[in-house]
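Here's the structure, in structure tokens; my notes come after.
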Amino acid sequence: MSKKRRDFLKQIGIGSSALLVGSAINKNLFAQDTVGKEQKAKPKEYMVRENHKLPPLPYAYDSLEPIIDVETMHLHHDKHHAGYVKGLNKAESMVAKARTENDYSLIKHWERELAFHGSGHILHTIYWENLSPQGGGTPDGILIDAINSEFGNFDTFKAQMIAATNSVEGSGWGVLAYQPVFGKLTILQAEKHQNLTQWGAMPLLVIDVWEHAYYLKYMNKRAEYVNKIFDIINWKDVKKRLEQIM
Ligand code: MN3
């Protein structure tokens, strides 16, 4: 680090101990105040990206009790979802670094991380909003019209959604999606977060069946969790997602 930069950081109140912490904070500052000649002198500097933030839950942690317990909500949101946000930021940073350094020797790994953590972040963000303490019941408006059109009626849709979600192999999701290419709803399974999709499908309702979503309360009884979650589905949110696409 140049003396000039050290002086600059001192001026803005970042002392020498903070500088020793290293990692993201310092690299962000480096990238932002690297201009002109210094940029040429340090061609390998790159921005550590923190584009993605963990969104807060749209309700209290204990408000989905007794269907989803408060301990599961804390672990699931604060640890698991936070981990996907962190992993996505890291993957975006590392592909940016690969571009800057023109070194793509690890690109396969980071592209896989982009797919896994990016999809994990997207699906969890939808999952929280899909649920509500005031949820349950049945959908209305264009959502029930689209369900009736594709599945015949709500009960048939629900039977397929539950069967597809329960039978996800290993960790994954049941997904009700709108497929704009075909102009209709479809039910898909996702293994992990990113496998077994149709390109273009827009998730409207997602049910997380990774064990971390239910194991504390339901243990190995995935089907019981999937059945009960229908009592807290926020159909207004699911309908809003369809309205925004159509
Ligand atoms: Mn999860």
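The end of the sequence shown is residue 1272 by my numbering, with every number in the run present. All residues carry an ideal CB built from backbone N, CA and C; glycine is no exception.
Using a Cβ-Cβ cut-off of 7 Å (strictly less than) and excluding sequence neighbours within five positions of TYR1244, which residues of its own chain qualify? Locating residue 1244 in the sequence shown gives position 218, where the first residue counts as 1. Excluding five sequence positions before and after TYR1244, the CB atoms of its chain that fall closer than 7 Å to its own CB belong to GLU1250 and TYR1251, given in chain order.
Apply the 10 Å Cβ neighbour rule to TRP1154 and answer buried if 16 or more other Cβ atoms are within range, or exposed otherwise. As a working note, residue 1154 is residue 128 in the sequence shown. Residue environment analysis places TRP1154 among the buried positions, since at least 16 neighbouring C-beta atoms fall within 10 angstroms of its C-beta.
Under 7 Å: does the beta carbon of ALA1141 sit that close to some heavy atom of ligand 1? Here the question's residue 1141 lines up with position 115 in the sequence shown. Placement of the Cβ of ALA1141 at a distance of 7 Å or more from every heavy atom of ligand 1 is found.
Please give the ranges of any beta strand (DSSP E) in the region 1172-1251, keeping only runs that are unbroken, at least 3 residues long and fully inside the region. Whole beta strand (DSSP E) segments, 3+ residues: 1198-1205, 1210-1217 and 1228-1234.
Who are the near neighbours of GLY1196 in its chain, counting only those whose CB is closer than 7 Å to its CB and skipping five residues on each side? If you number the sequence shown from 1, residue 1196 lands on position 170. Closer than 7 Å at Cβ, skipping near neighbours: GLU1217.
Output the distance between the C-alpha atoms of LEU1090 and SER1193, rounded to the nearest integer angstrom. Residue mapping note: residue 1090 aligns to position 64 of the sequence shown, counting from 1. Residue mapping note: residue 1193 aligns to position 167 of the sequence shown, counting from 1. Each residue's alpha carbon lies about 24 Å from the other.
Based on Cα-Cα distance, which residue from THR1126, ASN1128 and LEU1149 lies nearest to LEU1114? Working through the sequence shown from its first residue, we reach residue 1114 at position 88. For LEU1114, the nearest C-alpha among the options comes from LEU1149.
Who's in the neighbourhood of ligand 1, going by beta-carbon under 6 Å from any heavy atom, listed in chain order? That gives HIS1102, HIS1106, HIS1150, ASP1234, TRP1236, HIS1238 and ALA1239.
Rounded to the nearest angstrom, what separates GLN1160 and ALA1124 at their Cα positions? The sequence position of residue 1160 within the sequence shown is 134, counting from 1. The sequence position of residue 1124 within the sequence shown is 98, counting from 1. Cα to Cα, GLN1160 sits roughly 47 Å from ALA1124.
Rounded C-alpha distance that separates TYR1087 from HIS1100: Within the sequence shown, residue 1087 is the residue found at index 61, counting from 1. Within the sequence shown, residue 1100 is the residue found at index 74, counting from 1. Roughly 7 Å separates the two Cα atoms.
Limits of the unbroken alpha helix (DSSP H) element including ILE1271: In the sequence shown, residue 1271 corresponds to position 245, counting from 1. Counting along the chain, the unbroken alpha helix (DSSP H) around ILE1271 starts and ends at 1261-1271.
Use the C-beta contact count for TRP1261: other C-beta atoms within 10 angstroms, 16 or more gives buried, fewer gives exposed. In the sequence shown, counting from the first residue as 1, residue 1261 sits at position 235. Counting C-beta atoms within 10 angstroms of its own C-beta, TRP1261 has 16 or more neighbours from the protein chains shown and is therefore classed as buried.
With DSSP run on the structure shown, which of helix, strand or coil describes LEU1114? On the sequence shown, residue 1114 is found 88 positions in, with the first residue counted as 1. If DSSP states are grouped into helix, strand and coil, LEU1114 belongs with the helices.
Got a sec? Which residues, its chain only, sit under 7 Å from VAL1047 by beta carbon, not counting five neighbours each side? As a first step, residue 1047 is located in the sequence shown; it is residue number 21 there, counting from the start. Here VAL1047 scores only 35 on pLDDT, less than 50, and its place in the model is too uncertain to base an answer on.
Give me the Cα-Cα distance between HIS1135 and PHE1142, rounded to the nearest whole angstrom. As a first step, residue 1135 must be located in the sequence shown, where it is residue number 109. As a first step, residue 1142 must be located in the sequence shown, where it is residue number 116. Using only the alpha carbons, I get a separation of about 11 Å.
Quick check: LEU1231 and VAL1264, are their CB atoms within less than 8 Å of each other? Translated into positions along the sequence shown, residue 1231 becomes position 205. Translated into positions along the sequence shown, residue 1264 becomes position 238. The answer is yes: Cβ separation under 8 Å.
Tell me the rounded alpha-carbon separation between ILE1275 and VAL1121. Only positions 1027 to 1272 of the chain appear in the structure, and residue 1275 is not among them; the question remains open.
Terminal residues of the alpha helix (DSSP H) in which GLU1097 lies: The residue you call residue 1097 lines up with position 71 of the sequence shown. Its alpha helix (DSSP H) spans residues 1096-1100.
Buried or exposed: which applies to GLN1065, given that a residue is buried once 16 or more other Cβ atoms fall within 10 Å of its Cβ? Taking the first residue of the sequence shown as 1, we reach residue 1065 at position 39. Caution is warranted here: a pLDDT of 47 is assigned to GLN1065, below 50, making its placement in the model unreliable, and the coordinate value is therefore given only provisionally. Exposed is the call here.
For LYS1266 and LYS1079, what's the separation of their Cα atoms in angstroms? Here residue 1266 corresponds to residue number 240 of the sequence shown, with the count starting at 1. Here residue 1079 corresponds to residue number 53 of the sequence shown, with the count starting at 1. If you draw a straight line from the Cα of LYS1266 to the Cα of LYS1079, it comes to about 23 Å.
Pick from THR1223, GLU1137 and GLU1127 that is closest to ALA1117, judged by C-alpha positions: As a position in the sequence shown, residue 1117 is number 91, starting the count at 1. Among THR1223, GLU1137 and GLU1127, the Cα nearest to that of ALA1117 belongs to GLU1137.
Let me confirm a value: HIS1174 is counted as buried when at least 16 other C-beta atoms fall within 10 Å, else exposed. Which label applies? Taking the sequence shown and counting its residues from 1, one reaches residue 1174 at position 148. Here the sequence assigns Asn to residue 1174, which means His is not the residue at that position. It counts as exposed.
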